[in-house]
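K.L.:
In my numbering, the protein residues as written are 121 to 412.
Backbone N, C-alpha and C fix where the C-beta goes; we use that ideal spot for every residue, glycine too.
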Ligand SMILES: Cc1cc2nc3c(=O)[nH]c(=O)nc-3n(C[C@H](O)[C@H](O)[C@H](O)COP(=O)(O)OP(=O)(O)OC[C@H]3O[C@@H](n4cnc5c(N)ncnc54)[C@H](O)[C@@H]3O)c2cc1C
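Have a look at this one:
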């Protein structure tokens, strides 16, 4: 099923993001997580892609396996940085051949210190908008294309206005829905949605929810992507830093409140960054399911 069609339903969407594991044990554990989450009947699940191709085969294999062996609708993340258009075409052909119809079109970030090879830039896509165009030009309407959105602005963007303009370009190029970067203060999301509406952008924008289960790890992710963790929450988490159970409890309580507020304010869906674990997401879901 195409996600753009699924999102037309009046029901809110629930989706889960996973990364492709490095080892056979990791893969076993991922499929156990997927089984544990299946009762929620997610609208779709998505699999990340290592920018530059570091997870190329693993992403393709996990996407195909979910498509083949489960009843879930799956979306493949595809980054363009460090890839030629030919390489991207080959990957997307593989998805098309097996019937996968959803792709999240992203630029990606190279590991720190690595420069984009000029040769790739010549035959590749510099920004996600070019990838969206490339997919539409080469695959027509086969893929339902999602794009990334940044309620607090993308860290490299000169201004929120410029970021919004680039977001709009991705939509005009063929992006049919968007998933946001993680954020912890809903005001950023609501302000962003006001700007989106004023800019005449009409696609569904699904907030990305990151349950905090390991403060150090999430703080690192948040710093990297420019997501603000509210000082009150930081204080609470720091006070229990020595107790992983307490950190998780506070993280889950916070995510429940965040999701409740988003649902009460009419969001189209929730996309959970699961980090391949089911426990926190299930606990959150159980407390918000009546609002969905
Ligand atoms: C939901 C979600 C899922 C993600 N999944 C992955 C993943 O699987 N793998 C991965 O490696 N990364 C992933 N990322 C991270 C993402 O790749 C990075 O945030 C990356 O830095 C930007 O990607 P983008 O697609 O938003 O890029 P773009 O939309 O191309 O934007 C990148 C930057 O360039 C600017 N820009 C855009 N167009 C232009 C233009 N024409 N001229 C000048 N500047 C421009 C933008 O304002 C922004 O600052 C994900 C992010 C999100 C929100």
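Looking only at its chain, what residues have a beta carbon closer than 7 angstroms to the beta carbon of residue 288, apart from the 5 residues adjacent to it on each side?
P.N.:
319 and 321, listed in sequence order.
K.L.:
Who are the near neighbours of residue 134 in its chain, counting only those whose CB is closer than 7 angstroms to its CB and skipping five residues on each side?
P.N.:
So the list reads 160, 162, 163, 389, 390 and 412, once near-sequence residues are dropped.
K.L.:
May I have a chain-ordered list of the beta strand (DSSP E) segments no shorter than 3 residues that lie completely inside the region 305-385?
P.N.:
Counting only runs of 3 or more, we get 325-329.
K.L.:
Quick one, which of 399, 375 and 398 has its alpha-carbon nearest residue 408's?
P.N.:
With distances taken between Cα atoms, residue 408 lies closest to 375.
K.L.:
Evaluate residue 416 with the Cβ neighbour count: other Cβ atoms within 10 Å of its Cβ, from every protein chain shown; 16 or more gives buried, anything less gives exposed.
P.N.:
Nothing in the structure corresponds to residue 416, since the chain is present only between 121 and 412.
K.L.:
Go through its chain and collect everything with a Cβ distance to residue 310's Cβ below 8 angstroms, but skip five positions before and after it.
P.N.:
Within the same chain, residue 310 has close Cβ partners 385.
K.L.:
Assign residue 307 to one of two classes, buried (16 or more other C-beta atoms within 10 Å of its C-beta) or exposed (fewer than that).
P.N.:
Residue 307 is exposed by the Cβ-count criterion.
K.L.:
How about residue 351: is its C-beta nearer than 8 angstroms to some C-beta of chain C?
P.N.:
Absent from the structure: chain C. Only one protein chain is present.
K.L.:
Can you give me the Cβ contacts of residue 347 inside the same chain, cut-off strictly under 7 angstroms, excluding the 5 residues immediately before and after it?
P.N.:
Counting only Cβ-Cβ distances below 7 angstroms, and skipping sequence neighbours, we find 272, 301, 302, 303 and 304.
K.L.:
How far does the beta strand (DSSP E) with residue 183 in it extend, from its first residue to its last?
P.N.:
Run containing residue 183: none in the beta strand (DSSP E); it sits in the alpha helix (DSSP H), 176-189.
K.L.:
Roughly how many angstroms separate the alpha carbons of residue 379 and residue 368, rounded to a whole number?
P.N.:
The alpha-carbon atoms of residue 379 and residue 368 are separated by roughly 16 angstroms.
K.L.:
Should residue 288 be listed as close to ligand 1, given that the test is whether its C-beta is under 7 angstroms from any heavy atom?
P.N.:
No, ligand 1 has no heavy atom inside 7 angstroms of this Cβ.
K.L.:
Taking 5 angstroms as the limit, name every residue whose beta carbon sits nearer than that to some heavy atom of ligand 1, in sequence order.
P.N.:
Here the residues come out as 168, 169, 171, 197, 199, 226, 227, 228, 229, 247, 248, 268, 274, 276, 277, 283, 286, 299 and 301.
K.L.:
Please report how far the alpha carbon of residue 206 lies from the alpha carbon of residue 353, in whole angstroms.
P.N.:
The straight-line gap from Cα to Cα measures roughly 46 angstroms.
K.L.:
If the criterion is Cβ atoms closer than 8 angstroms, does the pair residue 172 and residue 127 meet it?
P.N.:
No, the Cβ-Cβ distance between residue 172 and residue 127 is not below 8 angstroms.
K.L.:
Measure the beta-carbon distance from residue 136 to residue 341 and round it to whole angstroms, keeping in mind my assumption that it falls under 8 angstroms.
P.N.:
That belief does not hold up - the Cβ atoms of residue 136 and residue 341 are roughly 17 angstroms apart, past 8 angstroms.
K.L.:
I'd like to know whether the C-beta atoms of residue 180 and residue 147 end up nearer to each other than 8 angstroms.
P.N.:
No. Outside cutoff.
K.L.:
So within the region 134-173, which uninterrupted beta strand (DSSP E) runs reach at least 3 residues, ignoring any that extend past its ends?
P.N.:
As far as the region 134-173 is concerned, its whole beta strand (DSSP E) runs of at least 3 residues are 164-167.
K.L.:
Can you tell me whether DSSP reads residue 284 as helix, strand or coil?
P.N.:
Helix.
K.L.:
Would you check if the region 248-266 and the region 290-300 touch, i.e. whether three or more CB-CB distances between them fall below 8 angstroms?
P.N.:
Cβ pair count under 8 angstroms is three or more, so yes.
K.L.:
Nearest CA to the CA of residue 323: which residue from 280, 233, 265 and 370?
P.N.:
Out of 280, 233, 265 and 370, 265 has the C-alpha closest to the C-alpha of residue 323.
K.L.:
Do you know offhand how far residue 201's Cα is from residue 225's?
P.N.:
Their backbone Cα atoms lie some 11 angstroms apart in a straight line.
K.L.:
List the endpoints of the continuous beta strand (DSSP E) containing residue 297.
P.N.:
Here the beta strand (DSSP E) through residue 297 covers 297-302.
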